[in-house]
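Report on the following structure.
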Amino acid sequence: METGSSPFLHPQYEALSRPEIEALQLERLHDTLLQCMKSPFYRKRFAESGISPQDIRTLDDIVKIPFTTKQDLRDHYPFGLCTVGLDRVVRLHSSSGTTGKPTVILHTRKDLDQWADAVARCLYMTGLRPGDIFQNTSGYGMFTGGLGFQYGAERLGLLTVPAAAGNTRRQIKFIMDFGTTAIHAIPSYAGRLYEVMEEMGIDPRRDTRLKTLVIGAEPHSEEQRRRIEQMLGVKAYNSFGMSEMCGPGVAFECREQNGMHIWEDYYIVEIVDPVTLEPVPEGEVGELVLTTINREAMPLLRYRTRDLTRILPGECPCGRHHRRLDRMKGRSDDMMILKGVNIFPIQIETVLMQFPELGNEYLITLTNEDANDMMTVEVELKEFHDDYQRLQSLTREITRQLKDEILVTPQVRLVPKGSIPVTDGKAVRVKDLRKTLI
Ligand code: COA
Ligand code: AMP
Ligand code: ZN
């Protein structure tokens, strides 16, 4: 692997001109369409919509292809979108959820290889090189930020520390003992790291070798990025990814820190109006729709990410012609992101409704005291109870079942019937009161 002084890790792909990128995309799209025909799901989809892979002659023809949604993945859980024999699948990542159907993404060995390459490219683009010590604070296991960054950083030749989530004091000990130079953390956890460093009397600028932070997985502002940089004495690079597109490595900032280059030799990018699903004018905000063009086990065509963003106009001085996504502006659905974990209100409702003691009304409140995100779930009791011990054990059981479902620990409060306000007949289910603390 070329890891010398070139500004590109993979010049044959990173330095492509626009016409070269588009020619490669069309070639790879054709291969992908043929691959999709091996999945019962896409065969049926194409038959229903009366199109065949041969109808896609130019990149503009992509709009003839029906969208793929998260619901499609759920409805065909677990292997319905697989295009290869399971004997060729070597890894599976899955979203949380025991009550509803989760989603599953499958990878062949080649898929994992391509993914590691993409992440390596991203890290190289921020200036990391062999000799750097990269500490990953993502959860491992099903969270793609764990293994995704692990294999990408190893591919680049970084000394990679799989510290995983939590244990902040131990994370800081690693930073000090190993001389960590780069960290991957979600923005809110970067704040937590700083808070605990302060408690420990450590000045990150003076006492550590930190210089690079990779931040992603949750929305954050430019202001928040600059504060993180000041606190920790690092350059912080925005990183966008999602499990359905492998995980991290989809789009990343270069040294210019001005928008995230999306690897267009991996993905065809569209921005559509989330209501009409028509393309928005160039440069306007809409929903990001991605088509994978180099995946084997589970290619996805026109996947509705539900993330709202835009393509930044103009060329980047770094020399890459892969277009840049602006930082994410929000979602076109009700998904919440807490502690780097994606949660849908319906998951919470489904757990609550299984308890006969509970009424129908509930309120989810998100707060962030002391750089720690917290979810409080208030839920009405169906009837008046004065058995304190019974209420305590019910609260514990609801908390346990919610944690199983959503992977974070909520604070559960049982409240009397009628105490959750219902306005105009419609309850407000989620209040996000999180402030920018850092
Ligand atoms: N990354 C790293 N550590 C995190 C974190 C995150 N996103 N969110 C919370 N933590 C830390 C907390 O600071 C705490 O450690 P500390 O007390 O030593 O500071 C510890 O994890 C437990 O957090 P807590 O809020 O008490 O637990 P929880 O049960 O609600 O949450 C987690 C459980 C943290 C294990 C779960 O939220 C998780 O795995 N998050 C990581 C998600 C992730 O990696 N996403 C992918 C990013 S690409
Ligand atoms: P997951 O599938 O768990 O990796 O979560 C993917 C989702 O996390 C995306 O669809 C986004 O909503 C969110 N996300 C990932 N990266 C970023 C980022 N850099 N900025 C804002 N949101 C992000
Ligand atoms: Zn650039």
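Taken in order, the sequence shown gives residues -16 to 421; the numbers are from the working numbering. We put the beta carbon where it would ideally sit given N, CA and C, even for glycine.
At which residues does the beta strand (DSSP E) containing residue i begin and terminate?
i	result
F117	116 to 119
P231	230 to 236
G266	Run containing G266: none; DSSP gives neither H nor E here.
A168	165 to 168
D190	Element bounds for D190: not the beta strand (DSSP E) but the alpha helix (DSSP H), 187 to 190.
I251	250 to 255
L(-8)	Careful: L(-8) lies outside any beta strand (DSSP E) and carries neither H nor E.
H76	72 to 77
On the DSSP letters alone, give me the boundaries of the alpha helix (DSSP H) that residue i sits inside.
i	result
G135	127 to 139
D370	From DSSP, D370 is part of no alpha helix (DSSP H); its letter is neither H nor E.
S32	23 to 32
A146	No alpha helix (DSSP H) holds A146; DSSP gives it neither H nor E.
Q394	Looking at the DSSP string, Q394 is not in any alpha helix (DSSP H); the run it does join, the beta strand (DSSP E), is 394 to 398.
I329	328 to 335
T348	That residue, T348, is in no alpha helix (DSSP H); its beta strand (DSSP E) goes 341 to 352.
A101	92 to 108
Apart from the five residues just before and just after residue i, which ones in its own chain have a Cβ nearer than 6 Å to its Cβ?
i	result
K21	T66
Q384	V334
K322	D356, V391
T274	I251, L284, R285
D248	Y(-4), L7
H59	F24
Can you find the residues in the same chain that come closer than 7 Å, C-beta to C-beta, to residue i, ignoring five residues on each side of it along the sequence?
i	result
E344	E363, I403, V405, A410
L390	S79, V324
L17	P36
C19	Y25, T66, P282, L284
K312	V268, L291, T292
Taking the Cβ atom as the reference point for each residue, do residue i and residue j lie within a distance shorter than 7 Å?
i	j	result
R74	L95	yes
Y123	A147	yes
M228	E236	no
L271	T292	yes
T127	G232	no
A136	F117	yes
L361	V398	The residue you asked about is not Leu; residue 361 is Glu in the sequence shown. Their beta carbons are under 7 Å apart, which means E361 touches V398 by this criterion.
N221	Q97	no
P187	L193	yes
D38	K47	yes
G216	A354	no
Which same chain residues end up closer than 8 Å to residue i when comparing Cβ atoms and leaving out the 5 residues on each side of it in sequence?
i	result
D115	L141, L142, T164, A165, T195
L505	Nothing about residue 505 can be read from this structure; the chain reaches only from -16 to 421.
Q133	N119, Y123, T143, P145
E298	H304
R427	Residue 427 is absent from the structure shown; the chain starts at -16 and stops at 421.
If we count the other Cβ atoms within 10 Å of its Cβ and call it buried at 16 or more, is residue i buried or exposed?
i	result
R40	exposed
Y(-4)	buried
S(-12)	exposed
S204	exposed
T15	buried
H305	buried
D370	exposed
F223	buried
E423	Residue numbering for the chain in the displayed model covers -16 to 421; residue 423 lies beyond these limits and cannot be assessed.
S32	exposed
Just jot down, in chain order, the residues whose CB lies closer than 6 Å to any heavy atom of the ligand ZN.
-> Going along the chain, the residues that qualify are C237, E239, H244, C299, C301, R303.
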